[in-house]
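Engineer:
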Amino acid sequence: MWIFLIEIIFQVMLPIFVLLVAGALLHRKFSFHLASFSKLLTYFFLPVVVFVNISNSNLDTGLLIEIGGFLVIQFVILAGVSWGLVKIFKMDPKLAPTFQNSIVLMNSGNFGLPVSQLVFAGNPLGISVQVIVLMFQNLITYTYGVMVSASTRSTGLWSNLSELFKTPIIYALVIGLIFYQMPWELPTFIQTPMQQVSNGFIALALLVLGAQIAYPTLKQFSLLFFVSIIGRLIMAPFIGLVIIWVMGLDGTVAQGLLIASSFPMSRNSALFALEYDNYPEYAAQAVLVSTVASCFTVTFFIYLSQVLF
1 MWIFLIEIIF
11 QVMLPIFVLL
21 VAGALLHRKF
31 SFHLASFSKL
41 LTYFFLPVVV
51 FVNISNSNLD
61 TGLLIEIGGF
71 LVIQFVILAG
81 VSWGLVKIFK
91 MDPKLAPTFQ
101 NSIVLMNSGN
111 FGLPVSQLVF
121 AGNPLGISVQ
131 VIVLMFQNLI
141 TYTYGVMVSA
151 STRSTGLWSN
161 LSELFKTPII
171 YALVIGLIFY
181 QMPWELPTFI
191 QTPMQQVSNG
201 FIALALLVLG
211 AQIAYPTLKQ
221 FSLLFFVSII
231 GRLIMAPFIG
241 LVIIWVMGLD
251 GTVAQGLLIA
261 SSFPMSRNSA
271 LFALEYDNYP
281 EYAAQAVLVS
291 TVASCFTVTF
301 FIYLSQVLF
């Protein structure tokens, strides 16, 4: 057991955190313009990675239905549990949306996808599972996530949904599915740079994530703070494990979904908290602590997925 855990730490988690630390140190030295890097990831690297992985995947309709069913069930349970905790702790109305998003939304983009690419190197199915998780997370982020955050203000449903349709990842998924279904191939002069972009995604995504957490200010520790951390890193993956067993999932799909369930909080929860003034410092520090703590928790759930499935 210990040898296997140490192997996971050295082969998967340490490479992740070497790049996170490098990103943090470089940002402190050179003060990157993070908005530009974020746009580069969102509007170029991520869509290319989604297209390449989906168009080359071996997912079938049955697997898509199973993965979609798992994600919907898990979302409903997590949203219900987080809402229940809000009522139990009688939270401040402006803290409640940030708390709920911190449990429901996870960093499946510039943390989850690189982890999956390392864990499932040479296994396109495992990476494709994470791409589907990424797409679902984008969907609930710009629907549930925005609407929960905006509940402290009065905003229209369409203005929230419009953010989703501005995200090019959605269109990359649709085009990738078309190429997956059709016997089409892109010309080599397009395929080659797309593959190079896809290969470079891990490094850039983790360097940017490291830069985003380069200036920690840890002063928001409270019972609710730790409840949200535990909810995202421990409760969510164990709920995912129960759903996997109930649905009878196995193999690479079960491994991918369990690992994906354990990823840390989404940085979008901090962005929404800042935009709607819903305890932004609490949100930013929760994202930081959950990202650092995930070095241990994600390692455990990678190990558990290998043992169980």
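The sequence shown begins at 1 in the UniProt record's numbering and counts up one residue at a time.
Ideal placement from N, C-alpha and C gives every residue a C-beta, glycine not left out.
Source: prediction; values computed, not measured.
Can we say the region 263 to 272 touches the region 103 to 110, given the rule of at least three CB pairs closer than 8 angstroms?
Structural biologist: Yes: the two stretches touch, three or more of their Cβ pairs being nearer than 8 angstroms.
Engineer: Check M265 in the structure and name its three-state DSSP category.
Structural biologist: As a first step, residue 265 is located in the sequence shown; it is residue number 265 there, counting from the start. If DSSP states are grouped into helix, strand and coil, M265 belongs with the strands.
Engineer: For M182, count neighbouring Cβ atoms within 10 angstroms of its own Cβ and tell me buried if that reaches 16, exposed if not.
Structural biologist: Translated into positions along the sequence shown, residue 182 becomes position 182. The residue in question, M182, is exposed, as its Cβ has fewer than 16 Cβ neighbours within 10 Å.
Engineer: What is the rounded straight-line gap between the Cα of E7 and the Cα of L113?
Structural biologist: Residue 7 sits at position 7 when you count from the first residue of the sequence shown. Residue 113 sits at position 113 when you count from the first residue of the sequence shown. E7 and L113: Cα-Cα distance of roughly 20 angstroms.
Engineer: Helix, strand or coil, according to DSSP, for M182 in the structure here?
Structural biologist: The residue you call residue 182 lines up with position 182 of the sequence shown. Looking at M182 - three-state DSSP - the assignment turns out to be coil, as it is neither helix nor strand.
Engineer: Sorted by chain position, which residues of the same chain lie with C-beta nearer than 7 angstroms to P93's C-beta, five sequence neighbours on each side aside?
Structural biologist: Sequence index remark: in the sequence shown, residue 93 carries index 93 (1-based). Contacts found: T152.
Engineer: Taking M91 as the reference, give the member of S222, L64 and V131 with the closest Cα.
Structural biologist: Locating residue 91 in the sequence shown gives position 91, counting from the first residue. That would be S222, whose Cα lies nearest to the Cα of M91.
Engineer: Would you kindly work out how many angstroms separate the C-alpha atoms of T252 and G68, rounded to a whole number?
Structural biologist: As a first step, residue 252 is located in the sequence shown; it is residue number 252 there, counting from the start. As a first step, residue 68 is located in the sequence shown; it is residue number 68 there, counting from the start. Going by the C-alpha atoms only, they are around 15 angstroms apart.
Engineer: Look at the alpha carbon of S38 and the alpha carbon of Q130, and state the distance between them as a whole number of angstroms.
Structural biologist: As a position in the sequence shown, residue 38 is number 38, starting the count at 1. As a position in the sequence shown, residue 130 is number 130, starting the count at 1. So the two alpha carbons sit approximately 20 angstroms from each other.
Engineer: Can you list, in chain order, the residues of its chain whose CB lies under 8 angstroms from that of I140, leaving out five sequence neighbours each side?
Structural biologist: Here residue 140 corresponds to residue number 140 of the sequence shown, with the count starting at 1. Only F75, V104 and L105 meet the Cβ criterion.
Engineer: Between S305, A270, A211 and G240, which has its C-alpha nearest H33's C-alpha?
Structural biologist: Sequence index remark: in the sequence shown, residue 33 carries index 33 (1-based). For the residues S305, A270, A211 and G240, the minimum Cα distance to H33 belongs to A211.
Engineer: Please go through the same chain and pick out, in chain order, the residues whose beta-carbon is closer than 7 angstroms to the beta-carbon of L71, but skip the five residues on each side of it.
Structural biologist: Along the sequence shown, read from residue 1 onward, the residue named residue 71 stands at position 71. Only V133 and F136 meet the Cβ criterion.
Engineer: When we look at the beta-carbon of I259 and count the other beta-carbons within 10 Å, is it buried (16 or more) or exposed?
Structural biologist: Here residue 259 corresponds to residue number 259 of the sequence shown, with the count starting at 1. Looking at its Cβ environment, which holds 16 or more other Cβ atoms inside 10 Å, I259 is buried.
Engineer: Of the residues E185, F296 and P15, which one's Cα is nearest the Cα of I229?
Structural biologist: Position 229 of the sequence shown holds residue 229. Here the closest residue by C-alpha is F296.
Engineer: In terms of residues, what are the limits of the alpha helix (DSSP H) holding S294?
Structural biologist: Taking the first residue of the sequence shown as 1, we reach residue 294 at position 294. From DSSP, the alpha helix (DSSP H) with S294 extends over P280 to L308.
Engineer: How would you write the range of the alpha helix (DSSP H) that K87 sits in, first residue to last?
Structural biologist: As a first step, residue 87 must be located in the sequence shown, where it is residue number 87. K87 -> alpha helix (DSSP H) spans T61 to F89.
Engineer: Expressed to the nearest angstrom, what Euclidean distance is found between the alpha-carbon atoms of I243 and L249?
Structural biologist: As a first step, residue 243 must be located in the sequence shown, where it is residue number 243. As a first step, residue 249 must be located in the sequence shown, where it is residue number 249. Rounded to the nearest angstrom, the two C-alpha atoms are 9 angstroms apart.
Engineer: Apply the 10 Å Cβ neighbour rule to E185 and answer buried if 16 or more other Cβ atoms are within range, or exposed otherwise.
Structural biologist: As a working mapping, residue 185 is identified with position 185 in the sequence shown. With fewer than 16 Cβ atoms within 10 Å of its Cβ, E185 is classed as exposed.
Engineer: If you draw a straight line from the C-alpha of L5 to the C-alpha of F17, how long is it?
Structural biologist: Locating residue 5 in the sequence shown gives position 5, counting from the first residue. Locating residue 17 in the sequence shown gives position 17, counting from the first residue. So the alpha carbons of these two residues sit roughly 16 angstroms apart.
Engineer: Looking only at C-alpha atoms, which of L20, Y180, V86 and L19 sits nearest to D60?
Structural biologist: Residue mapping note: residue 60 aligns to position 60 of the sequence shown, counting from 1. Answer by Cα proximity: Y180.
Engineer: Taking the alpha-carbon positions, what's the Y276 to A150 distance?
Structural biologist: Position 276 of the sequence shown, counting from 1, holds the residue named residue 276. Position 150 of the sequence shown, counting from 1, holds the residue named residue 150. Rounded to whole angstroms, Y276 to A150 spans 7 angstroms at the Cα level.
Engineer: Smallest Cα separation from V115: which of A286, S261, P97 and L271?
Structural biologist: Position 115 of the sequence shown, counted from the first residue, corresponds to residue 115. Among A286, S261, P97 and L271, the Cα nearest to that of V115 belongs to S261.
Engineer: Out of curiosity, what's the CA-to-CA distance linking L206 and A22?
Structural biologist: For this step, residue 206 is matched to residue 206 along the sequence shown. For this step, residue 22 is matched to residue 22 along the sequence shown. Approximately 9 angstroms between the Cα atoms of the pair.
Engineer: Just the C-alpha distance for N278 and P237, rounded to the nearest angstrom, thanks.
Structural biologist: Translated into the one-based positions of the sequence shown, residue 278 becomes position 278. Translated into the one-based positions of the sequence shown, residue 237 becomes position 237. Using only the alpha carbons, I get a separation of about 26 angstroms.
Engineer: Check whether chain C comes within 7 angstroms of F51, counting only Cβ atoms and requiring the distance to be less than that.
Structural biologist: Absent from the structure is chain C; it holds one protein chain and no more.
Engineer: When the Cα atoms are used, what is the spatial distance from A96 to F301?
Structural biologist: As a working note, residue 96 is residue 96 in the sequence shown. As a working note, residue 301 is residue 301 in the sequence shown. Each residue's Cα considered, the two are about 28 angstroms apart.
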